[in-house]
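In the UniProt record's numbering, the protein residues as written are 1 to 84.
The beta carbon of each residue, even a glycine, is placed where N, CA and C say it ideally should be.
These numbers were taken from a predicted model, which means no experiment stands behind them.
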């Protein structure tokens, strides 16, 4: 069974001295109002003149999300019944 998926795009950042996982937790709270323990399930490294690392996280939702529209550029839901 495939979980429901929400895909959100927004350029987060890591504060000076901040650990990557702590930055992910902070961004989850800022963007979605969630306090959760994200699990890294994939990492992508790109270098098109601007090196970037993109992480794919999985979280188990225990409550409804509260989207902060000022923090999210775009997003969409993927229906697990149709796509998995």
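*Can you tell me which of 40, 63, 64 puts its alpha carbon nearest to the alpha carbon of residue 54?*
40
_Helix, strand or coil at residue 56 [DSSP, three-state]_ = strand
_What does the alpha-carbon distance come out to for the pair residue 51 and residue 20?_
16 Å
*Ordered along the chain, which non-local residues of its own chain (more than five positions away) have a Cβ less than 8 Å from that of residue 61?*
34, 36
*Nearest residue (CA-CA) to residue 59, options 43, 46, 25*: 25
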